[in-house]
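Here my numbering runs 1 ahead of the position in the sequence shown, where the first position is 1.
Note that CB positions come from ideal geometry on N, CA and C, so glycine has one too.
Have a look at the structure below before the remarks.
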Amino acid sequence: MYSRRMDEMRSIDCKLSLRFSAFIYALLLLWASSDGYSQPLTDEVHETVLDAFQEHGNPHPSSHFSGNKKAIAFGQRVFFSTVFSSNQTRSCASCHQPEREWTDGRSVAEGGSRNVPTLWNLRGKHWYFWDGRADSLWSQVLQVFENPAEHDVSRTRIAQLLCGGGELARGYRAIAGDCPVSLDQLGTLHPCATPTSDEVSCRRAWEQAPKAIREGVNAVFVSLGKMVAAFVETLTAQPSRFDALLGRLRAGQSYADVFNEQEFRGLEIFAGEGQCVLCHFGSDLSDGEFHDVRVLPANGAVEQGRYRGAELLLSDRFNLLSVYNDFPKTLVHTRYVKKKPEDWARFKTPTLRRVQHTEPYMHQGQLSTLEAVVDHYSTFENALEQPHHGEQFLTPLHLSAEDKAALVAFLRTL
Numbered sequence: 002m003y004s005r006r007m008d009e010m011r012s013i014d015c016k017l018s019l020r021f022s023a024f025i026y027a028l029l030l031l032w033a034s035s036d037g038y039s040q041p042l043t044d045e046v047h048e049t050v051l052d053a054f055q056e057h058g059n060p061h062p063s064s065h066f067s068g069n070k071k072a073i074a075f076g077q078r079v080f081f082s083t084v085f086s087s088n089q090t091r092s093c094a095s096c097h098q099p100e101r102e103w104t105d106g107r108s109v110a111e112g113g114s115r116n117v118p119t120l121w122n123l124r125g126k127h128w129y130f131w132d133g134r135a136d137s138l139w140s141q142v143l144q145v146f147e148n149p150a151e152h153d154v155s156r157t158r159i160a161q162l163l164c165g166g167g168e169l170a171r172g173y174r175a176i177a178g179d180c181p182v183s184l185d186q187l188g189t190l191h192p193c194a195t196p197t198s199d200e201v202s203c204r205r206a207w208e209q210a211p212k213a214i215r216e217g218v219n220a221v222f223v224s225l226g227k228m229v230a231a232f233v234e235t236l237t238a239q240p241s242r243f244d245a246l247l248g249r250l251r252a253g254q255s256y257a258d259v260f261n262e263q264e265f266r267g268l269e270i271f272a273g274e275g276q277c278v279l280c281h282f283g284s285d286l287s288d289g290e291f292h293d294v295r296v297l298p299a300n301g302a303v304e305q306g307r308y309r310g311a312e313l314l315l316s317d318r319f320n321l322l323s324v325y326n327d328f329p330k331t332l333v334h335t336r337y338v339k340k341k342p343e344d345w346a347r348f349k350t351p352t353l354r355r356v357q358h359t360e361p362y363m364h365q366g367q368l369s370t371l372e373a374v375v376d377h378y379s380t381f382e383n384a385l386e387q388p389h390h391g392e393q394f395l396t397p398l399h400l401s402a403e404d405k406a407a408l409v410a411f412l413r414t415l
């Protein structure tokens, strides 16, 4: 009797165990079909994302100060200093404010005509400024110093400051070495002397200076630009949720918990039917090249964009074709630059890193929100007419309200 009772109990335990196992298995299946293990992206989008957003190594820098810790520290000091401006009130940080993602929040810079771009991830790019008129970060810095609408300080005045006395000058020479031009020689020059001045007297003062003095001034000027650039190169955006997603995809891990459903839909649009990845790809989400996206100019006049930028680049004394390039192998892209009619009104593709915090958008800040940007590409209403040499893939996306909201939601993950 006892034995039979035990057998019945074992049978019941076995049935319960089987039922419990079946229950657990069902839960696992349910979990696998939910956010635990589901893979929301289609195979096509999955492959596109992995291919489009590969990490690329930085090209060889054109400055021997790149990565130099002392140069970086001095460049940071100069970046936040107002000494290198004509009125002693402006610094690089006046427009590139750390608390605003290195922008100023304005449509265009104070006294300028272009939107202030962020400084995130600028190391090793091919072109700088919206029109690409500089081919290195340090040559861009040099243009900012002498631009009357920005720092408005001549290269001669900069050399006089750095080759004179005082703590700042000693700090510079501790890194760059003795100045190639003496303070007495610099004293023979008017402080405004530079070939880029709008004032005839300042240009004449530069042209009449002995060649050795002019070359010495240029060398000091370039060294300072390279030190500031060495600091700016260190400004790297912190990893975003999008980077977390890429990390999971590359590792072949489950990723469904990184985004919500709306954000995944936005990514599908970005990498799929929206064709955003044709221009916004790579680790910085930018091709670094130039496009006419048909946004209306802020002042009614269509700017020349890359058409003029190419001309200015090729005439720049400090481009990578010059003797000031410390690593001539980096000049390959500049060598093939030409001024082409089809580049009229084309501007550089901006990075999308931290884009949710860098409004307003476009080269003149014409679009104030991400929603406005998505609306522009969705309809192209109130847009410039498509020129004969325009981007053939730029056609209205005709997104639904839900899809526009999804695309904006995805952009906020970057």
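task = Leaving aside the five residues before and after R11 along the sequence, list all residues of the same chain whose C-beta is less than 7 Å from its C-beta, in chain order.
result = Position 10 of the sequence shown holds residue 11. Low local confidence applies: a pLDDT of 39 at R11 is under 50, so the model's placement there is unreliable, with the coordinate-based value given in what follows. Closer than 7 Å at Cβ, skipping near neighbours: no residue.
Local conformation of H292 per DSSP, three classes = Numbered from 1 along the sequence shown, position 291 holds the residue referred to as residue 292. In the three-state reduction of the DSSP assignment, H292 falls in the strand class.
message = Quick check on T49: does DSSP put it in helix, strand or coil?
response = Position 48 of the sequence shown, counted from the first residue, corresponds to residue 49. Helix.
query = Which class does G301 belong to by DSSP, given the choice of helix, strand or coil?
reply = Within the sequence shown, the letter at position 300 stands for residue 301. G301 falls in the coil class under three-state DSSP.
For T49 and F282, the rounded distance between their alpha carbons = Position 281 of the sequence shown, counted from the start, is the residue given in the question as residue 282. Position 48 of the sequence shown, counted from the start, is the residue given in the question as residue 49. If you take the alpha carbons of F282 and T49, they lie about 10 Å apart.
ask   = Residue range of the alpha helix (DSSP H) that D244 falls in?
value = Here residue 244 is taken as the residue at index 243 of the sequence shown, counted from 1. Boundaries of the alpha helix (DSSP H) around D244: 242-252.
ask   = Can the beta-carbon of T83 be found less than 8 Å from the beta-carbon of Q77?
value = Along the sequence shown, one-based indexing puts residue 83 at 82. Along the sequence shown, one-based indexing puts residue 77 at 76. No, Cβ-Cβ distance for T83 and Q77 is not below 8 Å.
Contact under 8 Å by Cβ, V338 with L368 = Numbered from its first residue, the sequence shown carries residue 338 at position 337. Numbered from its first residue, the sequence shown carries residue 368 at position 367. The answer is no: Cβ separation not under 8 Å.
task = Note down, in chain order, each residue of its chain lying with its Cβ closer than 7 Å to the Cβ of C164, except the 5 sequence neighbours on either side.
result = For the purposes of this step, residue 164 is taken as residue 163 along the sequence shown, with counting starting at 1. Sequence-distant partners of C164 (beyond 5 residues in either direction) whose C-beta falls short of 7 Å from its own C-beta, in its chain, are A170, C180, V182, L184, L187, V221.
ask   = Rounded to a whole number of angstroms, what is the C-alpha to C-alpha distance between K212 and V117?
value = The sequence position of residue 212 within the sequence shown is 211, counting from 1. The sequence position of residue 117 within the sequence shown is 116, counting from 1. Approximately 36 Å between the Cα atoms of the pair.
task = Taking the CB atoms as reference points, tell me whether W207 and P192 lie closer together than 8 Å.
result = Residue 207 sits at position 206 when you count from the first residue of the sequence shown. Residue 192 sits at position 191 when you count from the first residue of the sequence shown. Taking 8 Å as the Cβ cut-off, W207 and P192 do not qualify as a contacting pair.
ask   = alpha helix (DSSP H) containing A110: first to last residue?
value = Looking up residue 110 in the sequence shown gives position 109. Careful: A110 lies outside any alpha helix (DSSP H) and carries neither H nor E.
ask   = When the Cα of R354 is compared with those of H65, H47, D285, A299, which residue comes out closest?
value = Counting from one through the sequence shown, the residue named residue 354 turns up at place 353. Nearest of H65, H47, D285, A299 to R354, Cα basis: D285.
message = Classify E262: buried if its beta carbon has 16 or more other beta carbons within 10 angstroms, exposed otherwise.
response = Locating residue 262 in the sequence shown gives position 261, counting from the first residue. Burial state of E262 is exposed, judged by a 10 Å Cβ sphere holding fewer than 16 other Cβ atoms.
ask   = Measuring CA to CA, which of S86, R107, R156 is closest to C96?
value = By one-based count along the sequence shown, residue 96 stands at place 95. Each of S86, R107, R156 was checked against the Cα of C96, and the nearest Cα belongs to R107.
message = Our contact map puts T189 next to C280 with C-beta atoms below 8 Å; I'd like the distance itself, whole angstroms only.
response = What you label residue 189 is simply residue 188 of the sequence shown in a count that begins at 1. What you label residue 280 is simply residue 279 of the sequence shown in a count that begins at 1. About 51 Å separates the Cβ atoms of T189 and C280, ruling out a contact at the 8 Å cut-off.
query = Taking DSSP as the reference, what is the three-state secondary structure of W345?
reply = Along the sequence shown, one-based indexing puts residue 345 at 344. If DSSP states are grouped into helix, strand and coil, W345 belongs with the strands.
ask   = Which value, in whole angstroms, describes the spacing of the CA atoms of A210 and D105?
value = For the purposes of this step, residue 210 is identified with residue 209 of the sequence shown, where counting begins at 1. For the purposes of this step, residue 105 is identified with residue 104 of the sequence shown, where counting begins at 1. If I take the Cα positions, the gap works out to 38 Å.
query = Within 10 angstroms of its Cβ, does R205 collect 16 or more other Cβ (buried), or is it exposed?
reply = Here residue 205 corresponds to residue number 204 of the sequence shown, with the count starting at 1. With fewer than 16 other Cβ atoms within 10 Å, it is exposed.
ask   = Cα separation between A311 and A231?
value = As a working mapping, residue 311 is identified with position 310 in the sequence shown. As a working mapping, residue 231 is identified with position 230 in the sequence shown. Whole-angstrom Cα-Cα distance: 25 Å.
key: Within the stretch 364-414, ranges of the alpha helix (DSSP H) (whole runs, at least 4 residues)   = With a minimum length of 4 residues, the continuous alpha helix (DSSP H) runs that stay inside the stretch 364-414 are 371-380, 402-412.
query = By the 10 Å Cβ neighbour count, where 16 or more other Cβ atoms means buried, how is F319 classified, buried or exposed?
reply = Taking the first residue of the sequence shown as position 1, residue 319 is located at position 318. Counting Cβ neighbours within 10 Å, F319 comes out buried, since at least 16 surround it.
A210, DSSP secondary structure in three states = Position 209 of the sequence shown, counting from 1, holds the residue named residue 210. Note: A210 maps to coil in three-state DSSP.
query = Expressed to the nearest angstrom, what Euclidean distance is found between the alpha-carbon atoms of N219 and R156?
reply = What you label residue 219 is simply residue 218 of the sequence shown in a count that begins at 1. What you label residue 156 is simply residue 155 of the sequence shown in a count that begins at 1. Taking the straight line joining both Cα atoms gives about 7 Å.
task = Measure from the C-beta of F381 to each C-beta in chain D and report whether the shortest distance is under 8 Å.
result = Here there is only one protein chain, and chain D is not present.
task = Kindly indicate the opening and closing residues of the alpha helix (DSSP H) around F54.
result = Counted from its first residue, the sequence shown places residue 54 at position 53. F54 -> no alpha helix (DSSP H), and no H or E assigned at all.
ask   = Around the Cβ of K70, are there at least 16 other Cβ atoms within 10 angstroms (buried) or fewer (exposed)?
value = Numbered from 1 along the sequence shown, position 69 holds the residue referred to as residue 70. By the 16-neighbour rule on beta-carbons within 10 angstroms, K70 is exposed.
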